[in-house]
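Novice:
Residue numbers (this note's numbering): 413 to 852.
(1) Counting only runs that start and end within the stretch 544-620, where is the alpha helix (DSSP H) found for 4 or more residues in a row?
(2) Could you name each continuous alpha helix (DSSP H) segment of 4 residues or more that falls completely within the stretch 719-793, going from the start of the chain to the end?
(3) Rank 790, 657, 558 by C-alpha distance to the C-alpha of residue 832 and give the top, closest one.
(4) Does the beta carbon of residue 523 fall short of 8 Å from some heavy atom of the ligand ATP?
(5) What would DSSP say about residue 666, mapped onto helix, strand or coil?
(6) Roughly how many whole angstroms lie between the Cα atoms of residue 785 and residue 633?
(7) Taking the beta strand (DSSP E) that residue 486 falls in, what are its first and last residues?
(8) Check residue 471 in the structure and name its three-state DSSP category.
(9) Pairs of beta-carbons, one from the stretch 450-469 and one from the stretch 559-578, closer than 8 Å: are there three or more?
(10) Counting pairs of Cβ atoms below 8 Å between the stretch 767-783 and the stretch 732-747, do you hit three or more?
(11) Does residue 433 come out as helix, strand or coil in the three-state DSSP assignment?
(12) Going by C-alpha to C-alpha distance, which of 577, 838, 427 sits closest to residue 593?
(13) For residue 768, which option in 788, 757, 751, 754 has the closest C-alpha, if you only look at C-alpha atoms?
(14) For residue 484, which residues in the same chain have their Cβ closer than 6 Å to its Cβ, ignoring the five residues on either side in sequence?
(15) Using alpha carbons as the reference points, say which of 429, 841, 528, 518 lies closest to residue 469.
(16) Short check: CB of residue 845 to CB of residue 751, under 9 Å?
(17) I'd like to check one pair, residue 747 with residue 652: are the Cβ atoms closer than 9 Å?
(18) Which of the three DSSP states, helix, strand or coil, is assigned to residue 705?
(19) How would you write the range of the beta strand (DSSP E) that residue 830 sits in, first residue to last?
(20) Rounded to whole angstroms, what's the CA-CA distance from residue 544 to residue 560? Just pull it up for me.
(21) Go ahead and label residue 681 buried or exposed: buried means 16 or more other beta carbons lie within 10 angstroms of its beta carbon, across all protein chains shown.
(22) Below 8 Å CB to CB, which residues in the same chain sit around residue 661 once its five sequence neighbours on both sides are set aside?
(23) Please classify residue 817: is it buried, with 16 or more other beta-carbons within 10 angstroms of its beta-carbon, or exposed?
(24) Going by DSSP, what residue range makes up the beta strand (DSSP E) through residue 492?
(25) Go to residue 841, then tell me how far its beta strand (DSSP E) extends in each direction, as first and last residue.
(26) Is residue 679 helix, strand or coil by DSSP?
(27) So what does residue 515 bridge to, in DSSP terms?
(28) Could you tell me how far apart the beta carbons of residue 619 and residue 610 are, in whole angstroms, since I believe they sit closer than 8 Å?
(29) What do you reckon, are the CB atoms on residue 533 and residue 551 nearer than 9 Å?
(30) Nearest CA to the CA of residue 461: which residue from 429, 445, 517?
(31) Using the C-alpha atoms, what's the distance from residue 829 back to residue 822?
(32) Leaving out five residues before and five after residue 575 in sequence, what residues of the same chain have Cβ atoms less than 6 Å from its Cβ?
(33) Buried or exposed, going by whether 16 or more other CB atoms sit within 10 Å of the CB of residue 792?
(34) Please report the straight-line C-alpha distance between residue 711 and residue 765, rounded to a whole angstrom.
(35) Who are the Cβ neighbours of residue 741 in its own chain at under 8 Å, not counting the five residues just before and after it?
Written out as structure tokens, the structure is:
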């Protein structure tokens with residue numbers, strides 16, 4: 413590609429660039445046309461003056477008049493006969509020859525550069541023939557066209573007029589374009605306005621739309637974080653208040669220590685679990701901002717999560733199964749493990765003792781799914797979606813687990829939903845489905 417086609421300015425303003433580029437181009441063309449006209453006029457005028465000098469050699473006036481060529485008549489030995497004494501004699505005595513015609517050369521008269529012509533002319537009588545050397549000169553500046561001649565007495569007058577008109581059109585067009593861009597800048601400075609009211613260039617409409625979408629997402633995120641922090645502070649305050657009460661009871665001796673310690677341990681575990689979930693939400697936000705996703709083996713991630721929760725599965729004597737295969741999916745191995753542990757812990761909590769529990773991997777029709785299933789009592793439809801909201805807990809929970817699961821899935825480009833498994837008209841369990849892809 414031609415280098416100048418890929419060049420872009422690094423600094424400056426759009427107004428200065430457009431005016432310099434467009435006006436510079438117009439007046440560069442005008443300057444080139446002017447230079448060409450000056451050269452042509454100078455060449456033509458120089459040729460005309462040379463012809464005038466040659467003609468003046470044969471019509472030497474008795475006395476030089478204003479505007480007429482300066483002349484000098486000398487003998488062949490250089491002695492002055494007539495004319496301007498300051499006009500130096502022709503320096504080359506053997507030239508011009510009588511048959512070669514006039515000789516044109518450059519000289520100075522009283523410090524003024526002149527164009528001169530010299531020729532031998534016959535003189536004397538028939539009985540006494542003789543020759544004289546005649547010189548005529550005109551100022552060199554007469555060979556150059558004047559600015560009036562170039563501007564007003566040539567076709568360039570129309571060129572200049574058109575250039576002025578085009579310059580006015582360019583300047584007005586640039587100013588209109590800048591005002592038009594000013595509307596786009598105003599729209600970018602007011603991202604909360606409606607896109608339908610946008611009156612700037614259509615090329616910048618996608619940028620305005622993306623800016624407004626970003627502003628809406630940021631506003632929504634700030635509102636969610638504000639509500640989350642308010643709820644989190646309330647949720648953390650509750651176990652701390654309970655723990656303080658338990659400690660006061662232990663100090664006062666109102667309740668036996670052996671009875672209070674298990675209660676205090678449960679309270680501490682609840683607060684620690686809530687703090688860990690809050691840290692998980694922080695990690696999810698980092699994943700959303702960085703967006704660094706890599707292929708993750710679903711089977712290996714599920715196996716690791718199951719091994720970590722194996723003591724809980726064994727404590728309830730659950731019959732566990734890990735089935736199916738699936739290709740790697742885009743995600744973060746650490747956060748995917750957090751997602752699976754939350755879903756498995758929720759399933760273990762609701763599964764009946766000695767019941768069945770499992771993880772099923774399946775892939776097909778452009779959709780990859782990981783299903784954590786159990787034989788729990790099911791979920792009411794009116795609370796199913798509410799369970800994914802922060803601090804909207806079922807029995808015995810903090811209300812963050814499923815909310816974290818949905819946020820982790822969203823950060824990895826996946827979705828997570830709960831479905832009641834129906835058989836013979838009754839609920840026989842719950843499926844927590846994590847899905848990548850839209851499917852058919």
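Where is the CB? At the ideal position from N, CA and C, for every residue including glycine.
Every value quoted in this text rests on a predicted model; they were computed, and no experiment measured them.
Specialist: This is what the structure gives:
(1) 559-564, 568-601
(2) 722-727, 745-762
(3) 790
(4) You won't find the ligand ATP in this model; it holds no ligand whatsoever.
(5) coil
(6) 32 Å
(7) 482-487
(8) coil
(9) yes
(10) yes
(11) helix
(12) 427
(13) 788
(14) 495, 496, 499, 547
(15) 528
(16) no
(17) no
(18) coil
(19) 826-835
(20) 40 Å
(21) exposed
(22) 667, 672
(23) buried
(24) 492-495
(25) 838-848
(26) helix
(27) 530
(28) In fact, because the Cβ distance is near 11 Å, the residues do not count as touching under 8 Å.
(29) no
(30) 517
(31) 12 Å
(32) 438, 442
(33) exposed
(34) 26 Å
(35) 707, 708, 710, 780, 824, 826, 848
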